[in-house]
Amino acid sequence: MNANHSPLPGARASNRSAVLPTRNGTQQAQQSQTHLYAPLLSLLNPIEDSSAAADVGAEAPLLGSHTPSRSPHLSGSQEEEAHRSTSASCVSRIWVMLRCLCHDIRVGCSREVLPAAEPRRFSPLDRSKMDRYESVDTYEAKSMLYKDHLETRSHEPRWFIWVFVVVLGVSTSALSVGMMTLLHVLNSVRYELLGFGLRGFTFVDTQRYPNASEPSPAHVGGSVGQDIAGTTSSLDVWALVKGNSVGLYGIASPRWYWSGYLLWVTFAVCTSAIASGVCYLVPQSVGSGIPEVRAFLNGVSYPMMRSTRVLVAKTVAVIFTVASGVCTGHYGHLMLAGAMLGSQLLQRRHGIRCYNVHFVDCFRNPRDRRIILVIGAAAGIASAFCVSVGGLLVIIELLSAVFPVRFALYVFAACLLSTLSAQVYWSYCMNFDSPHRLHGGLLLREVVVLLRSHLPFGQHTAMNLMAFIPAFFVGLCSGACAVGFVRLSWAALYCRRRLEVQLRTKVIRYVLPILFTLVYVSIHYWVAVTFSAEPMSGEKLASAFSEGSDTQMNSGADSLASSSSSGADADPPAVCRPVPYTVRSGRNVTTIGFYGMNGFLCPAGIYSVVDAADTYDTAGRKNAASSVTTQLQRQQTVRVVDAYASLAFSYADSTLQTLLSQRTEYLVPWFALLTFSVIYFFAFAVYSGLALCGDTILPSLVIGAAIGRCIGTAVHTVAAACNADATTWADPGVFALFGAGSFVSATSGLSFGIGAILIECTADFRHLLPLMFSIAVARGVLLRWGRDVHTLYLEARAVPLLNAEPYLERYSLLDARHVMHSPVVALPVICSLNDIVHTLRSTTHNGFPVVSINDGTFKGVVTRAQLKLLLWHIIVADGRTSHCTYDVMQRVEDHVFHNGWESVDPTQLLMRARLRNDQISLYPYVDTSAFTVLDTAALPCTYQMFTTLGLRHLVVVDHSNCAIGMITRKDLVSDNLSAVLESQDVLAPANGVPTPTVFAAALACLRKPFHPTPAQVAEVARQSSTRNLAGPSPPHR
C-alpha cells in the first residue's frame, strides 16, 4: 500500500481499541461491505489496484470513525490532556487524509489529463464499461429484400425531408423561446424577492416606476396625480409574470441586507433542489448536453436521445438550475434538445398505427435517422445564439463522417428557419405579452444581432494592427487558464466520486449541487454588499463621468446620473454606475439583452437619463442633444446599475452581454471585474465536475470574456495615457470578444465554429482576424498541455471515442490484423435455427459475417437485429420459414413494438423440436455491400476508412477472401492501439530520434556492399513467395 495512505500510529491504535469490543457479526458485515466496494474504489482511485483500495478502505481511518470512550477514573487535568490529545489526533488524521487526497489528485491528474497528442489509458474496469455503448449505424443493409423493395416502389418521397427541416427549425426555436421566457419570469420573481427583503418585507417603492414619487405633469396639484403615484409605486403582478421587471433603480436606505439574503438564498436553494429532484427521478437526464451530441457525431449511440421523458425532464431541470443563479447556462441543452427532437420525429408511437403512410417509413433507416438528428442538433445551436452559419460550421467541425453538399443544404436551411422564427417572435412579442407592434416586417436590431453593442453612428471600435499584440496575450492567458480549468474540473469530479464511495451512497451526487448553489450565491451576495457599501476614495464619481467631458463624448461612454438631495447619497459607491447607452438605446432592457442587470444595492434617487435619440457624427462631436424624460406606463425605471451585482446576480447570457459591450470602459471598475473573474473561474471549474445538468459553453464564454476584459482594461488605461486617439481601438469590449472565443475554443474543442458564432452574434467583422489569431494561440496552448473538457468528461464515462488522429502516425507499422477481433463468429449462408439461436445466446456481437458453405469465402454481414426480426417473423407466421418481403418485415417490426415485445428474447419462444430440423437461407437478409479490408492493410488507412465512412463493422479478409477477423469501435480506441503497439516489438523512436541500436544497424548496412551477394539472393528466394527468383530465366521469344 502507498505510504501516504498509512494512518498515524496513534490513530491506528485508537481504531484498534475501538474495534475490539465489537461483535464478530459486525466485523463480518464490515468486511463484506469492504470487499463489496473494493472494485468501485479501484475505479475511482486511478493509482492503486483493487486490493490496495480494499486495504485503504479497511485500515485507513475515516472522518466518522469511533474514538475510545473516556474512562470515569480520570481527573480534571487528565481529562483536559486526553481531550487535547484526541483533538490533536483528529486534526492529524484529517491532515493525513487531505494529504492523501491531494496526492491522489495530483498523480491521477498527471495520468488521466494528458496532452492531446498522448493516448488515454483505461483500466480493465473502464474497458468493461465500454460495452454499454454501441456504434451508430450509418448505412442501410443492402440486402436482397431491400433491393427488391426498391424495385417494386416506383419512387420514394424524398421531398418529405424538407418537412422535417421545417418542423425542426420551428420546434427548436419554439423551445428556445419558451425556455428564455420562463427564465425571464423566474428572474423577475427572483429580483422582486430580493427587493422585497431589502425593503423590509414590503413591495412599496417610490423608485420603481418613472415619476412615481412626484405628481404627473398632467395632474399637478390634483388628487388624481397623487393616486397614480401611490398605485404605481406598488408591485405590478401582471408585469412581473410577463417578465418586465428590470431592477435598474436603487432602494432607499435603510436596506435590510439579512432579509434580502434570506429570500435570495431560499429561492436559489429551492430551485436547485427541484432540479436535483428531477434528475433523481430521471437519472438519464444528467449531463450538460454538448458532450452527448459530440459523442453521437463521433459515432457513439445514446439510447436516451429517443426518450420523450428524458427530453421533458432535462428541460425542466435545466430551467430550474439556471434560475437558481448558479454559474451555468442553457445553450448546450438546446443543442441536445434539437438532436432529441430530430430523433422523436422518426419514433414509433404506441396507439398510432399508420401502415399505409409511407412518408415516414421510408426515412426509418440508419442513414436518414442520422441525418435528421444532426439537422436537429444544428438547429438547436442556431436557436441558442440566433445564428445560421455558425450552427452549420459547428456540425461540420464535430462530424467525423462524410459530409455531402446536399446534407449541408438541409442543415443550413434548418438553422436559417430556427433563427428567423426566434427573431420574428422577439421582434413582435414580449414574453407572455400580446403582440404590441404593427406588422410592418421590420425586425428589431437587438434580436437580429444578439450580442451587438448598439452605439451611435461612427462610435464603433476601429480596427488597428496594434490589436494583434494584446490578442496574442489574451490567447496565451486564455489557453493557460483553460489548462488549469480542465485540471480543476477533473479534480472536482474525482472528489465527488470518491466521496460517493466513502459515504457508500449516490445520494450525495444530487445533494452536492444544492450545497454548492448555497455557497456560491452567498459569496456573491456578500461581496456585492461589501462593494456597494464602500464609497469611492479620492474623487467623486461625478467628476470621473461628467456629462460635458469631451473624452466621454469621443469614447462613447455615458455620463453619470446626477442624484437629488432627497434620494441618492452625495458620494455613491464605486460600483454604482450610470446605465450605459447600449442598454438605454434599445428595447433589449426588458426582452433579450441585459435583463439581468440590477441596481438594488445602490443609493436611491432621481437620475437624469440621456435619451437614446442623441446622435453623434464620425468625428465624435455631438451634433444634436436632447434630454427627454421618457414615460413608459408599464416599464420600470432605468436609472443606475450596480456593476458587480449585474455580473454576479444575472444569468450567464446577460453577464456575457455586459462584458462584451463596447464603449463601456468605465462601467465595471477593475477591482470588481477582477474579483468576479477569480470567483467565477474557480466556481465554474468546481461546479462543472459536480453539476447534474447545465451548460459548459455559455459559462466558458463568460470566463473568457472576463479574462479578455481584464487585459483590455489594462490596455485601455495604458493606451489612453500614451495617446488619446488610441481609445478608438483599445476598447475592453473588443478584447473581451477575443477572450471569449479563445477560452471556449480551448475548453470545448471548437475553433472556427465558435469564431463564426461570435462574429455573427456581435456583427463585429472588423476584428475577425485578431479573433481567429487569439483562438489559434489558445488552442495551441491547450493541445500542448491538456485536452478539452468535453473529451475529458466522455473519457471519464469510458465512452469509446475515436480521436487518435493527432498521434495516428506512430501506428504506421501496424496492420489491420494486429487490432482485429479474432477468431470471428461467422454463420453459413444456409444454416439451421439452432445455429442462429446458439449464436445469439452465446455472444453479444451486433454483426456476424456470413460465409459460403462450399469454400468458406465471405458473402456479407447480417446484423443481430435482422436475425431477431427473422425469428419474430417465424414466431408470428406459426413456424413458416418461407421467404418474406421487406414490407412484411416492417409489419413484423411494428407488431413487435405495439405489443411491447422489444425486451422479450425471441429465442425463448421457439419450439425446441424444430431448432435442429428447420433450415433457413440467410442470403436474402445478408448485406452484400459490407465493407472489407485486407489483413495487410496499414492501420492508419484502416482507421481513416472506419471513421470517415462512419462504419460500425469492418470485416478483415485474407487474400482468399475468407473472413479472419472483425474490427469494431472498441478495437480502434487509442487505449487498445497503444496496448497493441506495446505488445509488438516494432516501437518507433520517440520524438523521431533513433536509438543507439538503430544507429548501429544503419552503420552496419552502410558498410555492406551495395550489390547483393549470391548468398543474399538465395536467402531472399527461399523466404519469398515468388519462387522463380532462384530459377532459370524464362526463354526469350
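Each residue of the sequence shown is one higher than the one before, starting from 218 at the first, in the numbering used here.
For each residue, glycine too, the CB sits at the ideal point set by N, CA and C.
Best match in the options for proximity to residue i [C-alpha to C-alpha]
i	options	result
R1081	L1000, N1063, N1178 and A821	N1063
V168	N1193, D1188 and R1169	This structure gives no information on residue 168, because the portion of the chain shown stretches from 218 to 1254.
Y1160	S352, L710, R1186 and T875	R1186
D948	I928, G958, G966 and V744	I928
T734	I491, L999, C307 and F418	I491
R1014	D578, M347 and V308	M347
A1033	G607, V313 and V1172	V1172
Y1010	R581, W643, L710 and V535	L710
A1147	R425, G1077 and P508	G1077
F1114	G1073, R566 and S878	R566
N404	N1116, S1191 and G542	G542
L705	C326, V641, L1198 and F990	C326
L668	Q879, F537 and V1150	Q879
W946	G675, F702 and L367	G675
Y497	M647, V383 and V728	V728
Q352	G607, L1019 and Y466	Rather than Gln, the amino acid found at residue 352 in this sequence is Ser. Considering only alpha carbons, the answer is L1019.
G546	D1188, S905 and G555	S905
I731	P1023, V482 and L367	V482
A334	P673, V1109, S1191 and S360	S1191
L661	S670, L672 and Y645	Y645
DSSP three-state assignment for residue i, whether helix, strand or coil
i	result
R586	helix
H1038	strand
I1070	coil
P1275	There is simply no residue 1275 to check, as the chain begins at 218 and stops at 1254 in what is shown.
Q564	coil
T1060	coil
P916	helix
C487	helix
R287	Bear in mind that a pLDDT of 45 at R287, under 50, signals an unreliable position, so the number given afterwards is only what the model happens to contain. In this structure, R287 counts as coil in the three-state DSSP scheme.
I468	coil
T807	Confidence at T807 is low in this model, with a pLDDT of 41, below 50, so the placement of that residue is unreliable and no value is reported for it.
I971	helix
V421	coil
F602	helix
D1122	coil
D1032	strand
P949	helix
R662	helix
S340	coil
K359	coil
P820	coil
N241	Because N241 carries a pLDDT of 46, less than 50, the predicted location of this residue cannot be relied on, and the following value inherits that uncertainty. Residue state, collapsed to three classes: helix.
Bridge partners - residue i, DSSP secondary structure assignment
i	result
A556	A556 is not bridged to any residue.
S352	V517
A1180	V1174
F1065	V1079
L1151	V1174
I1047	S1138
C910	G504
P795	V857
D1285	Residue coverage of the chain in this structure runs from 218 to 1254, which leaves residue 1285 outside it and unanswerable.
Supposed contact pair residue j and residue i - C-beta distance, whole angstroms, cut 8 angstroms
i	j	result
A594	V510	5 angstroms
T389	S600	5 angstroms
G813	T872	7 angstroms
V591	V628	7 angstroms
I971	L985	Between L985 and I971 the Cβ distance is about 13 angstroms, and since that is not below 8 angstroms, they are no contact.
L818	A862	6 angstroms
G555	A596	5 angstroms
- prompt: Per the contact definition of three or more C-beta pairs closer than 8 angstroms, is the region 391 to 404 in contact with the region 1167 to 1181?
  reply: no
field: Any 3 or more C-beta pairs closer than 8 angstroms across the region 894 to 906 and the region 586 to 600
entry: no
- request: Report yes or no: do three or more beta-carbon pairs, one from the region 998 to 1008 and one from the region 694 to 705, lie closer than 8 angstroms?
  value: Between the region 998 to 1008 and the region 694 to 705 there are three or more C-beta pairs closer than 8 angstroms, enough to call the two in contact.
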